[in-house]
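Residue numbers (the working numbering), protein chains in the order written: chain A, 2 to 160; chain B, 11 to 797; chain C, 94 to 390.
For every residue, glycine included, the Cβ atom is placed at its ideal position computed from N, Cα and C.
Note that the structure is a prediction, hence the values are computed from the model and not measured.
So, in structure tokens, the structure goes:
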């Protein structure tokens, strides 16, 4: 099997590794690098569980080949907290019940952060649309949207 | 009484691990030297296995083992240990396959690709048999016989009959009778985490399996049965679980095959189902055909009801026979109907098995019940809410031989929901295209069913208290996302009077935790919660005994714990830190740690459940009259779950149940053609997404006190799946005046019904809501389409 | 998924060289948002994947008031959505992109990839056809241009040959007295559309009479289709809601839907009729506003 060397930044740390061209980014993260925070649920780009950021924007990591992110910056849920302090989104999800089984949560948090980076004061409708690519089977999304709006408020206060 | 942690909005105890990505699910786990397992499945809906040749697969480099039925004990298994005639499934098919996806063989190989390739090298010769996909056809003479056996006739695997009162006499005496036919479709649990197992066999033959399950104890005893091992040699560990909803309450083939392959290879074996396997080869909600006949008086009093349900059970019983019973039982909830008769038929078809799914027969029942009640109300010119109020169960309601309803807040639920939504003003008065509808339900708080035939208590708990005051709570319950670990921590904290962060809950490890029947039928809060409360009281008693020795108070005084202190009840200012009492207790008994134990089993609680929850739901919808598309505007739900334990958890469960139910009504449909699932992916199987759910969702808590529950608590979160279909169907009727009898209620069906109505009205303007004085014929099912 | 050789193209010329060398065994990948699913299902199993996603020379949005717009084939949906110049002078494209698939797909998927996949219910194709777009294709023989309306040959099939690349899409600036609109129908948000319609309406100076119209439908045939019968019925007609309603009844003359697990063929036609009507009416309103001198788009 042919393998290719790739080099990329993962949560601020440089990774150099070899992968088979057919390896998807989610497989690289979970199976080769042991970064299992990112979940793999549908393998068809439909559920958003594997959402990570690439080059500052979110993607479904099951729908991107690992070789395609050579030279880019990748962010996962493991990089969301800064040191011991949880990200305001993580705090808000805990305080507002934005998670239950937790399987969609890493992807949901990544989508929410992508939204708040682009739009620090989203409306409820904008928050709903921003997570339309993330399926949650537990919460009915109500408390996820609440959590995102609460985090946005906290983050605005901080600034 | 003012509680310190009960009834509050508390963070989940597993939340921090989940928001940081640290929480490990079975799919995340790996062991050194682990092999990848894959299953070979039948491509045919019904066939005899003539021969299997796995030699080429075994010879493939990287393949460690291939198993077929020959490598198994060829035993049937299932949760029906008390009713062996219902056991109809083998770990691997020995002679016949009965649905597309039926498991035939399993491979363990160095990696998934090799395992996949090996599957293609297994040669199976089939003799194709005629297949049957419709349950009514399957019941006819001459239909292909899917199972044979003394208890199966014309594919009917089980029948259930419920009857009380004098139904025939009541029908003769009533003013009016309405009869309707309904059909309900299949949907998938579609949990985000697929079924997954990692099994390891040690050199001494002991087996450890990490698996995504709602029932660790069932998996333990059913693995023991199918592998021919003592239960004690099997340890089942349930890591974090990414959702269940009834889809993981049985022993599954990934579990058996991972275990068997690890025995044979001596290596850890991991099997994770693909999303396609999840949709095509696991379980689904039971499709049903319902005939409903209700007799009533002109004043709206319901006097008699007769229901007949034919269930499309799929290829195996799975937990279908319980859905068969519960759909008949919950058909009457939450109403006081003095004369009732139900006949249900569970029928085999060559499709993937139907089984338990959130509501467990309830959603099907309530769709038919709520739809018909609104038709009756229209017939009588009554407000459907008034019709419901007139016929409600009351606290203390008893159905002799079946159940007693102690706490029952349904009336308050309806009144609160009506008030909150402005029901009286809105119903019948909204502009054409917008409508409001109601649905009601009652549901169980754990089943009294002991099909698994355990000699253990249904739930048990053990609490160890350390000298630094930390309490370790061990329960066999299954945290699957519903929040049960948090509820157990709250109950322990409240009972012990110590902060929640002094509690750690360890659940779902059969080697460590006492047996528990697991997470199904909304049983954890009531049953495991009672066991935890009892164990905590046991611990507290020991601590207080030591404290009384230390505090040397007047013997007439008594002691309790609160806010981390032991205090004298009659002199609350006299306190000591409880840790001091714990230390004293340990010293006094030679170093023995304080351990408390508790258990719960329902006794004398009838045939169904020790307690029932209730609720009313009101939905407001918009119907696009040109396309038939339904949009949710507002949803209000009022739920009686007894004492609320974690308000955040209850609200989250209600919202989630509603949205899952919304998908059941409006978009989800596990479609099959000749037994083949047509949409086995999240691309094609349509679950609700964030922008689809109502912007305004109001949860109203109706707190009652349930004497059988811990601190008066009972079910929350499963029952609310039940009323959605009827509630939304009724809102659609209020909006545009059409009634859909076959689920799901797609835009296409609504549009067809609107056109039919327009054609029937002829020259008449499409006026709103013609009074339905006469029983209407069911709408014709939409044309079947083939891909 | 079968193993394959992966070659990252350094330039369009390099991509064409590699494609020429590898012949039919090679497949191009841009965002791969649909292609990877096809490879995972084994519906295609190429020996070589030529990755063109990183070609910056094909990632651009250009606007020239005289000649119109050019969008590089490898521009992501997100870039189109975020483009201020498109938002201000071709709002319909932004409104299409706003609800195309999901954020994640828009961030990585490209407009060229979307068109070359040729999914018959693609969001993008009907709008771009309605805007009068041209597909620019480069191959070993040089460059060629194909009207986007002739770009699609059938289910998942376009005029782009294995050795060729779609390099850009161009379309003229929206003429005066014209409105362009877009609407799609789906039962669940975030989901692929069931039917898509885009309408282009130009009016005479009277602000009522239709001078030119394009109605393009997706999801009702193996390719996006022009509802020519509808267009013809309205040409030279003074537009009224009734006239539009009646003309929209002719959509079925241009469609050939097939039933599937989502809905019946008849239902697709019904929805096509409703969407044709709605998009015509909103394009009409926009065109009227343009005639009235108000800023449109």
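Check: Cβ-based burial, residue 84 of chain A [other Cβ within 10 Å; buried from 16]; Outcome: exposed
Check: Any C-beta of chain C under 8 Å from that of residue 69 of chain A; Outcome: yes
Check: Contact residues within the region 198-209 of chain C, judged by C-beta distance below 7 Å to chain A; Outcome: 198, 200, 201
Check: Meets three-Cβ-pair contact criterion under 8 Å: the region 217-227 of chain C and the region 309-319 of chain C; Outcome: yes
Check: Chain-order list of residues whose beta-carbon lies under 7 Å from that of residue 49 of chain C (same chain, five-residue window excluded); Outcome: As displayed, chain C neither begins before 94 nor continues past 390, which places residue 49 of chain C out of reach and without an answer.
Check: Minimum C-alpha distance to residue 372 of chain B - residue among B/333, B/362, B/122, B/567; Outcome: B/333
Check: Rounded C-alpha distance that separates residue 159 of chain C from residue 131 of chain A; Outcome: 36 Å
Check: Residue 743 of chain B beta carbon less than 8 Å from that of residue 447 of chain B; Outcome: yes
Check: Cβ-based burial, residue 126 of chain A [other Cβ within 10 Å; buried from 16]; Outcome: exposed
Check: Beta-carbon neighbours of residue 637 of chain B, restricted to chain C and to distances below 7 Å; Outcome: 278, 364, 367
Check: Through-space distance from residue 699 of chain B to residue 282 of chain C, alpha-carbon basis; Outcome: 6 Å
Check: CB contact below 8 Å: residue 281 of chain C versus chain B; Outcome: yes
Check: Anticipated Cβ contact below 8 Å, residue 359 of chain B with residue 624 of chain B, distance rounded; Outcome: Incorrect: roughly 34 Å between the Cβ atoms, too far for contact.
Check: Check whether residue 59 of chain B and residue 106 of chain B have beta carbons under 8 Å apart; Outcome: yes
Check: Interface positions of the region 355-369 of chain B facing chain A (Cβ-Cβ less than 7 Å), listed along the chain; Outcome: none
Check: Element boundaries [beta strand (DSSP E), containing residue 450 of chain B]; Outcome: 444-454
Check: Chain C within 8 Å of residue 698 of chain B, Cβ atoms only; Outcome: yes
Check: Sufficient close CB pairs (3 or more, under 8 Å) joining the region 465-484 of chain B to the region 506-513 of chain B; Outcome: yes
Check: is_contact[residue 107 of chain C, chain A] using C-beta, thresh 8 Å; Outcome: no
Check: When C/149, C/117, C/210, C/192 are compared against residue 129 of chain A, the one with the closest alpha-carbon; Outcome: C/192
Check: Segment contact, 8 Å Cβ cut-off, at least three pairs: the region 340-359 of chain C with the region 253-271 of chain C; Outcome: no
Check: Beta-carbon contacts of residue 778 of chain B that lie in its chain and below 7 Å, excluding the five residues immediately before and after; Outcome: Annotation note: pLDDT 48 at residue 778 of chain B (below 50); position unreliable, coordinate value reported separately. So the qualifying residues of the chain are 442, 747.
Check: Residues in the region 125-136 of chain A having any Cβ partner in chain C nearer than 7 Å; Outcome: 131, 133, 134
Check: 7 Å Cβ cut-off: residues of chain A touching residue 28 of chain B; Outcome: 100, 103, 106
Check: Host alpha helix (DSSP H) of residue 622 of chain B (start-end); Outcome: From DSSP, residue 622 of chain B is part of no alpha helix (DSSP H) but of the beta strand (DSSP E) over 622-633.
Check: Distance, residue 103 of chain B Cα to residue 56 of chain B Cα; Outcome: 12 Å
Check: Burial state of residue 103 of chain A (16 or more Cβ within 10 Å); Outcome: buried
Check: Contact the region 190-210 of chain B vs the region 236-254 of chain B: 3+ CB pairs below 8 Å; Outcome: yes
Check: Buried versus exposed call for residue 54 of chain A [16 or more other C-beta atoms within 10 Å across all chains shown]; Outcome: buried
Check: Reduced DSSP category for residue 200 of chain B - H, G, I as helix; E, B as strand; rest coil; Outcome: coil
Check: Buried versus exposed call for residue 171 of chain B [16 or more other C-beta atoms within 10 Å across all chains shown]; Outcome: exposed
Check: Under 8 Å between C-beta atoms of residue 556 of chain B and residue 594 of chain B; Outcome: yes
Check: Check whether residue 145 of chain B and residue 357 of chain B have beta carbons under 8 Å apart; Outcome: yes
Check: Residue from B/735, B/739, B/771 whose Cα sits closest to the Cα of residue 369 of chain B; Outcome: B/735
Check: Chain-ordered neighbours of residue 126 of chain C on chain A, where CB pairs are closer than 7 Å; Outcome: 46, 64
Check: Nearest to residue 232 of chain B (by Cα), restricted to the options B/120, B/608, B/85; Outcome: B/85
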